[in-house]
Structure formats: structure tokens, C-alpha cells
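Residue numbers (the working numbering): 1153 to 1239.
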């Protein structure tokens, strides 16, 4: 979780509180200001999520590919071929 996600969530919550206080006090300016702050927080939070997703994709692309593991059938086939060669 990066800084943008945290700050965005804080702004979102602060905007909700301010908007709700404006509704309770019948103050349209506070409602509008709170709604704007809430929207700003949502956008910043979404930007942080996008940055996190891009970082995860980059990390995944730069990591080593998974190693192939033989299953039991392949091991048995190899053992039987080797036994036939010897025998």
C-alpha cells in the first residue's frame, strides 16, 4: 500500500465527515466542499491502487519463471527406459 492510497482514503473519509456535517447543519457550502474533498480522495486512492497494480505486474514480469517439476509418470517412464537399457 503506497502513500497515495493512504492519503486518498484519509481525504475520502474527511470529505464524508464534512459533507455529513453540512447536511446536519443545513450548510450547502460545507456539503459541496465535503463532496469535492471526498471525490479528490477517491481519485487519489484509485491512482494509488493503479500504481500498486503496475508495480506488482512489473515485479511479476521481472521474476524468474517457475521451474519445471517432473511428475511421477515422467519419473516412472525414465526409470523403466533406463531399466530396459541395462537389462
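Here a beta-carbon is modelled for each residue, glycine too, at the ideal position from N, C-alpha and C.
Of the other Cβ atoms in all chains shown, fewer than 16 fall within 10 Å of the Cβ of residue 1172; this residue is therefore exposed.
Beyond the five residues adjoining it in sequence on each side, residue 1195 comes within less than 8 Å, by CB distance, of 1160 in the same chain, given in chain order. If you draw a straight line from the Cα of residue 1177 to the Cα of residue 1187, it is about 15 Å long.
The beta carbon of residue 1193 sits closer than 6 Å to those of 1160, 1163, 1164 and 1167, all from its chain and outside the five residues before and after it, given in chain order.
With a cutoff of 8 Å on beta-carbon distance, residue 1181 and residue 1170 are scored as not near each other.
Between residue 1157 and residue 1189, the C-beta spacing is not below 8 Å.
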